[in-house]
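Quick mapping for you: the protein sequence lines, in order, are chains P and W. FYI, the numbering for the first sequence is 118 to 456, going by this note's numbering. FYI, the numbering for the second sequence is 118 to 456, going by this note's numbering. Beta carbons are placed, not taken as given, at the ideal position from N, Cα and C, and that holds for glycine. Read the structure below first, then the notes.
Protein chains: 2
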Amino acid sequence: MTDRPTTKDLARAAGVSLATVDRVLNGRSGVRQKTVDSVNRAIREIGFERNMLAAALARRRGARFAFVLPETGDEFRDGLLARIAETERALAAEQIAIETHCLSAADPHRTAAHLASLDADTYDGVALLAPRTPQIRDALHRLAERGIHPLAFLADQGDAAPFVGTDNRAAGATAAALMGRFAAGRDGPVLVLGDSLQSRDAIDRRAGFDAVMARDFAALRPLPSLETRGDPTRTRAIIARAVAAHPDLIGVYVLTSEARPPLKALGQVAPPGLIRIAHERTSFTQGALRRGQVDAIITQDQGHLVRSAIRTLRARVENRPILAGQERIRIEILLKENL
Amino acid sequence: MTDRPTTKDLARAAGVSLATVDRVLNGRSGVRQKTVDSVNRAIREIGFERNMLAAALARRRGARFAFVLPETGDEFRDGLLARIAETERALAAEQIAIETHCLSAADPHRTAAHLASLDADTYDGVALLAPRTPQIRDALHRLAERGIHPLAFLADQGDAAPFVGTDNRAAGATAAALMGRFAAGRDGPVLVLGDSLQSRDAIDRRAGFDAVMARDFAALRPLPSLETRGDPTRTRAIIARAVAAHPDLIGVYVLTSEARPPLKALGQVAPPGLIRIAHERTSFTQGALRRGQVDAIITQDQGHLVRSAIRTLRARVENRPILAGQERIRIEILLKENL
DNA sequence: GCAAAAATGAGGTGCGTACCTCAAAACCGC
DNA sequence: GCGGTTTTGAGGTACGCACCTCATTTTTGC
Chain P
118 MTDRPTTKDL
128 ARAAGVSLAT
138 VDRVLNGRSG
148 VRQKTVDSVN
158 RAIREIGFER
168 NMLAAALARR
178 RGARFAFVLP
188 ETGDEFRDGL
198 LARIAETERA
208 LAAEQIAIET
218 HCLSAADPHR
228 TAAHLASLDA
238 DTYDGVALLA
248 PRTPQIRDAL
258 HRLAERGIHP
268 LAFLADQGDA
278 APFVGTDNRA
288 AGATAAALMG
298 RFAAGRDGPV
308 LVLGDSLQSR
318 DAIDRRAGFD
328 AVMARDFAAL
338 RPLPSLETRG
348 DPTRTRAIIA
358 RAVAAHPDLI
368 GVYVLTSEAR
378 PPLKALGQVA
388 PPGLIRIAHE
398 RTSFTQGALR
408 RGQVDAIITQ
418 DQGHLVRSAI
428 RTLRARVENR
438 PILAGQERIR
448 IEILLKENL
Chain W
118 MTDRPTTKDL
128 ARAAGVSLAT
138 VDRVLNGRSG
148 VRQKTVDSVN
158 RAIREIGFER
168 NMLAAALARR
178 RGARFAFVLP
188 ETGDEFRDGL
198 LARIAETERA
208 LAAEQIAIET
218 HCLSAADPHR
228 TAAHLASLDA
238 DTYDGVALLA
248 PRTPQIRDAL
258 HRLAERGIHP
268 LAFLADQGDA
278 APFVGTDNRA
288 AGATAAALMG
298 RFAAGRDGPV
308 LVLGDSLQSR
318 DAIDRRAGFD
328 AVMARDFAAL
338 RPLPSLETRG
348 DPTRTRAIIA
358 RAVAAHPDLI
368 GVYVLTSEAR
378 PPLKALGQVA
388 PPGLIRIAHE
398 RTSFTQGALR
408 RGQVDAIITQ
418 DQGHLVRSAI
428 RTLRARVENR
438 PILAGQERIR
448 IEILLKENL
């Protein structure tokens with residue numbers, strides 16, 4: 118903490134002028150590779166660390182980010198919006214602006230077009246939650262080319278962008294472990310259902326669930342996934358049919374985020390002792406836990422997700438390393454007792 | 118985000134000079150109450166927010182904090198030290214310095230003396246992990262009087278300092294819920310043991326554990342707590358005796374952080390199907406989870422704890438509000454599957 | 001070896017605040 | 001209304017960096 122070297126010291130050590138140091142530090146053009154190297158060497162030698170406070174001050178703003186989300190309207194998304202708004206307020210003091218763009222439906226073309234419309238002078242980074250399609254992949258690459266840092270938020274986009282979110286396979290595996298342990302030796306079928314089963318999340322969760330079931334809890338028989346399509350009537354019908362067809366039903370695993378319809382439907386027909394596991398903390402699932410309508414919730418902390426996304430974007434904008442441990446989103450298990 | 122008002126604007130709005138604004142903002146003396154009020158009114162009226170970046174830059178440093186910890190030497194503490202070191206590195210760029218002071222043993226007088234020796238010119242805040250005693254309470258009050266912000270870290274100090282840590286009663290309750298669910302209807306005794314049972318943590322956890330056991334799992338009979346005193350030989354003896362005395366033993370709950378000796382001892386004599394629950398993620402407990410030597414770990418994220426402590430201290434130093442949601446330390450449940 | 005192009009240097013300004021000094025003004029008790 | 005004290009003002013410098021302009025040097029192509 119004794120006075121750290123400044124750009125002036127760096128310039129002297131590298132044998133160049135302040136202007137050149139500035140060019141190198143900020144990646145401007147018009148500097149020979151040889152010079153760049155010598156400055157970088159000097160940075161290491163004297164242990165120069167840029168004072169980001171002064172940099173942000175001089176730059177007159179920290180950064181401006183956007184979250185691009187689908188306009189689905191479920192409680193999970195509402196929670197995300199609330200966390201984003203909170204984070205924005207907290208970061209206003211550091212001159213960080215955060216916007217939220219909600220795009221209706223899951224139209225990859227529209228999403229890609231929106232990404233293409235973002236201006237590099239306005240935005241420094243974009244966190245995108247969207248299914249992985251070729252259009253999106255290209256749009257992300259073009260964003261990066263324009264100097265806007267892309268981030269895959271909750272839905273992995275491969276190497277088109279760094280990813281912030283949880284491992285859905287492990288989340289499914291965790292659900293299976295709880296189901297198996299709670300069943301404790303009983304045997305019978307387990308119902309698995311979800312909103313839509315095509316999404317990457319749902320597929321990964323199902324895979325993780327099945328793997329652990331097969332390995333550790335062979336007495337339980339996971340049934341083929343059923344798709345509710347977000348339709349409450351259909352959901353009720355599916356559940357009624359399943360409960361009737363399997364009088365020895367051990368448990369139900371709701372693997373997508375809309376947990377309300379299935380849990381409500383179960384409330385009326387569930388046999389006693391039925392184990393119910395669902396995903397995502399929402400005000401409904403919390404209440405359901407308290408009321409005993411569900412036994413465990415597998416979730417990820419939304420505030421942490423949002424903040425992690427912002428931290429990751431900032432780190433990239435400021436060309437800084439991240440604290441890996443802080444950015445690994447944990448798979449949380451919620452019981453009534455640790456809400 | 119359009120140009121925020123600066124101190125200059127504030128001075129104009131309040132009808133005073135920049136010097137007076139400075140005096141008020143930084144709580145210097147020699148300003149009439151009437152003037153202070155009018156400046157504060159102007160702050161609200163024009164929505165002035167101090168630019169902490171510029172302030173930190175001008176002040177030539179962000180802040181300097183110290184963690185004062187007991188020199189116990191268990192894995193939990195080692196983890197904390199590692200997280201503190203990480204956080205310090207990450208925050209160096211923001212001119213935040215973090216020190217760690219390890220005080221041998223749990224001598225409240227020594228700890229109090231150490232706190233008294235801290236200089237307000239050097240430290241802005243201190244996070245203290247120590248048992249709650251009158252000496253400590255007084256030392257914390259005197260710290261605050263000298264202008265050093267105190268923080269109760271992991272161990273609550275009542276109103277002597279704000280608290281960062283988890284609710285140990287809820288942690289114990291969570292352990293009980295898992296124990297009960299994993300036991301799934303079987304009946305029999307449950308062994309509860311810990312390093313030391315006098316500490317506030319241990320007492321709270323036991324209380325939470327018993328409450329849930331009595332309410333939801335009456336078929337299980339928690340036995341009186343046994344104290345291992347950190348002695349492996351004694352631990353082995355206790356466990357051997359308990360296993361012999363209770364052939365129908367259902368589970369074991371290790372409620373303090375030194376989980377290694379009990380789990381190792383159990384490894385040799387545990388009846389099949391015995392449910393083992395312990396606290397705190399360490400490299401040992403993680404390995405034990407993977408190897409199946411323990412069924413669940415109740416823990417709190419150490420990195421989160423440390424960062425939350427620092428954020429809370431910073432917020433106080435900078436006279437800023439905190440993001441409550443971010444500072445509530447969650448009680449995590451770890452299974453093999455969600456490590 | 002020449003002109004054109006590329007690379008580098010010198011020097012300045014501004015960001016919003018902290019902190020300092022010295023002088024001027026307002027207030028106080030009597 | 002006096003001397004003394006307290007309060008306030010004016011103005012400056014510094015923090016470390018970004019960003020700008022213009023001159024000068026070095027390199028490149030031919």
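With contacts defined as CB atoms closer than 8 angstroms, D241/P and F182/P qualify as a contacting pair.
If you compare the alpha carbons of E205/P, P379/P, I355/P and A387/P with that of P364/P, the shortest gap goes to A387/P. The beta carbons of E344/P and A376/P sit about 15 angstroms from each other, so the pair does not count as a contact at 8 angstroms.
Taking CB atoms only, N455/P has a neighbour in chain W less than 8 angstroms away. With the rule of 3 Cβ pairs closer than 8 angstroms, the stretch 151-164 of chain W does not count as touching the stretch 143-158 of chain P. Contacts with chain W at 8 angstroms (Cβ-Cβ) include T291/P. For the pair F299/P and G282/P, the CB atoms are not nearer than the 8 angstroms cut-off. Between the alpha carbons of A395/W and G347/P lies a distance of about 40 angstroms.
Chain P has no Cβ within less than 8 angstroms of the Cβ of V309/W.
The continuous stretches of alpha helix (DSSP H) do not include R303/P, and DSSP gives it neither H nor E. Secondary structure of E216/P (DSSP, three-state): strand.
Counting the other CB atoms within 10 Å of its CB gives T137/P a total of 16 or more, which places it among the buried residues. Around the Cβ of Q274/W, a 10 Å sphere holds 16 or more other Cβ atoms; the residue is buried. Residue state for I392/W is assigned as strand, using DSSP reduced to three classes. Between R200/W and G409/W, the C-beta gap is not smaller than 8 angstroms, which leaves the two residues out of contact. Counting every other CB atom within 10 Å of its CB across the protein chains shown gives T239/W a total below 16, marking it as exposed. Taking CB atoms only, L170/W has a neighbour in chain P less than 8 angstroms away.
Of the residues assessed, R322/P falls on the buried side of the cut-off, its CB having 16 or more other CB atoms within 10 angstroms. G242/W carries a strand assignment under DSSP once its states are collapsed to helix, strand and coil. Taking a C-beta distance under 8 angstroms as the contact criterion, A272/W and A247/W qualify as a contact pair. The beta carbons of L372/W and T416/W sit no closer together than 8 angstroms.
With respect to the 8 angstroms criterion, L235/W and I265/W are classified as neighbours on the basis of their beta carbons.
In terms of beta-carbon proximity, V329/W lines the interface with chain P, with at least one pair separated by less than 8 angstroms. The closest CA to that of D318/W, considering only G289/W, G297/W and M296/W, is found on G289/W. Among the CB atoms of chain W, one or more fall inside 8 angstroms of the CB of G420/P. In this structure, DSSP gives V434/W a helical state, which the three-state scheme calls helix. Using beta-carbon distances, L440/P counts as an interface residue toward chain W, with a partner under 8 angstroms. In the three-state reduction of the DSSP assignment, L257/P falls in the helix class. By the rule that beta-carbons nearer than 8 angstroms mark a contact, A301/W touches chain P. Distance between R259/P and S425/P, taken at the CA atoms: about 23 angstroms. Using beta-carbon distances, I450/P counts as an interface residue toward chain W, with a partner under 8 angstroms. Taking a C-beta cut-off of 7 angstroms against chain P, the contacting residues of the stretch 148-181 of chain W are E166, M169, L170, A171, A173 and L174, listed in chain order.
A202/P and L383/P have their alpha carbons spaced roughly 34 angstroms apart.
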